[in-house]
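J.:
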Amino acid sequence: RSDWKLELCAGSGGWSSPRPNRDETSKLTAVQLYNLKNDISETTNVVADHLNVATDLLGLLQSYVKNGRSTSGESQENAVDVDVFRVNARAGKFFSSK
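Quick note on my numbering: the sequence shown kicks off at 313 and runs consecutively.
#1: Between the stretch 337 to 346 and the stretch 395 to 403, do three or more beta carbon pairs fall short of 8 Å?
#2: Specify the secondary structure class of ASN364 as computed by DSSP and reduced to three states.
#3: Identify which residue in ASN357, THR367, LEU320, SER338 has its Cα closest to the Cα of LYS410.
#4: Measure the C-alpha to C-alpha separation of LYS349 and HIS362 and round it to an integer number of angstroms.
#5: In the DSSP assignment, find the unbroken alpha helix (DSSP H) run with LYS317 in it and report its ends.
#6: Grouping DSSP H, G and I as helix and E and B as strand, with all else coil, what is LEU348?
#7: Please classify ALA360 as buried or exposed, where buried requires at least 16 neighbouring CB atoms within 10 angstroms.
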């Protein structure tokens, strides 16, 4: 949404460092938030300073899942049950502790 990017993972989420499921990611924040207008390279995680933005984006993601779509129109059923924290339970704990 707008200039923000929320990631529900501690690592890079891909092949670059820090890679998922490595020891180094266990020490990182479970949630990442970047302001792409100010930090296009995603070098500074600002989730601690903008928790309200992260919470809003999480709510938006959860509404997409609940409605089965991110566009306007009638709600649709998801083909499978979707848990946005399935892969990273630490992200769920991050939000529930705030």
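Just so it is clear, CB atoms sit at the ideal spot from N, CA and C, and this is done for glycine as well. Note that the structure is a prediction, hence the values are computed from the model and not measured.
T.: According to the structure data:
#1: yes
#2: helix
#3: THR367
#4: 15 Å
#5: No alpha helix (DSSP H) holds LYS317; the beta strand (DSSP E) holding it covers 316 to 319.
#6: coil
#7: exposed
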